[in-house]
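For the numbering used here, add 106 to where a residue sits in the sequence shown, where the first one is 1. Here's the structure, in structure tokens; my notes come after.
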Amino acid sequence: LIDGLKEDCNRVKGKKPYVERKDADGRPDEQVALEAANDFLLRNDSRVDDMFVGMVKSTTVCSQCQHESVVFEPFLSVKVPLTNPREAVEASYPVTAVPRASSGKPIQSHVCTVDKTGTMGQLCEAVAEKAGLEVQSCLAAEIYRGRLSRYLDDAFLLEDLSSMDALVVYELDDAASFKLAADLNWGSAELLEEGDIVTAASTFKSNNSNKVQLRQGLCGKVLQVDNDGDAQVKFDGIDRKQWVFKKNFTNLRREQDMTSNEKRFCPKDEKAYTLRELMGTFDDDVTKGDCTIAELRSLWREELKPIASEAEASRNSAL
């Protein structure tokens, strides 16, 4: 309706002049915005424009050369979603509740609604209330493809849950002891070092401020490990480096051959490498996108020929 009125009331009659949109090229926003507004008025001049039209600053950055383009574009209306205020801050989670065997209660399925930024402890409380369980006896677990993926402690953030996994809350006779044992074993995840090759053992989210879902089977290379033991990893197909906190190392599997001194012959450059040396040599190719970490790992496993050790070579020569 407003678009139609705007055109009918337009004071610019006849053929409208062609106006080329100009980039900022480092000029102040005030100057660029005024220029864009004046250019707009050459083609649009009505009372509707006076009352409703505004300018929005649009910034585009090239991912290759990092060139930044800044323009001001007119807008006539703003689309605002109509949502329930509670829906904006709450999320619903389907959960399977498994009561202790001695209770005689059946396994139940519930959909529980809690704060999006809440913890697993809060979700367990909601599940316990619906299923009639003792909340202090509850333990949450994540199931992936029908198998137990990991146990989730009460402080686990719900926003880190994977949408592909199923949630199960178990009521145990001695949940406190089980949780203590789980905490003691938390350090059983492999400690990572710079240069290690890792694979996501299950689908989970990174710990960047803008979290990225890391799918099961995704390969990556550890770029650095900070003083807290957290690792920054470059994963195949993801432009930005991703942080994985130490508590999430249970979701990663380190390539065991990275610690091996076995050398294999590479026909590409006719040299022999350990797996760690191979990854370091072709690091620039990975950065440029000419190959992936997974491809290098497959090259090592399937195509490179092992080189016999000196002792084995001497023995074969003697034979």
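Positions of the beta carbon are idealized from the N, C-alpha and C atoms, including for glycine. Bear in mind the structure is a predicted one, so any value in this text is a computation, not a measurement.
Query: Selected residue, minimal CA-CA separation from C397, among D280, C325 and D145; Result: C325
Query: Three-way DSSP call (helix, strand, coil) for E113 in this model; Result: helix
Query: Whether E231 touches E277 by CB criterion (8 Å); Result: no
Query: Integer Cβ distance of E196 from K222, believed to fall under 8 Å; Result: 6 Å
Query: Environment of I399 [buried if 16+ CB atoms lie within 10 Å]; Result: buried
Query: Contacts around C115, its chain only, beta-carbon distance under 7 Å, and the 5 residues preceding and following it disregarded; Result: S152, R153 and V154
Query: Contact check, L70 vs T309, beta carbons under 8 Å; Result: The chain is shown from 107 up to 425; residue 70 falls before or after that span and cannot be answered.
Query: Bridge-paired residues (DSSP) for D221; Result: E196
Query: Nearest to G252 (by Cα), restricted to the options A272, E265 and V331; Result: A272
Query: M157 burial status per 10 Å Cβ neighbour count (16 or more: buried); Result: exposed
Query: Check whether E179 and V162 have beta carbons under 8 Å apart; Result: yes
Query: Boundaries (first-last residue) of the alpha helix (DSSP H) holding A234; Result: M226 to A237
Query: 6 Å CB neighbourhood of L111 in its chain, flanking five on each side removed; Result: V154
Query: Segment contact flag, the stretch 142-149 with the stretch 116-125, C-beta cutoff 8 Å, min 3 pairs; Result: yes
Query: Bounding residues of the alpha helix (DSSP H) (the contiguous stretch that carries R382); Result: L381 to T387
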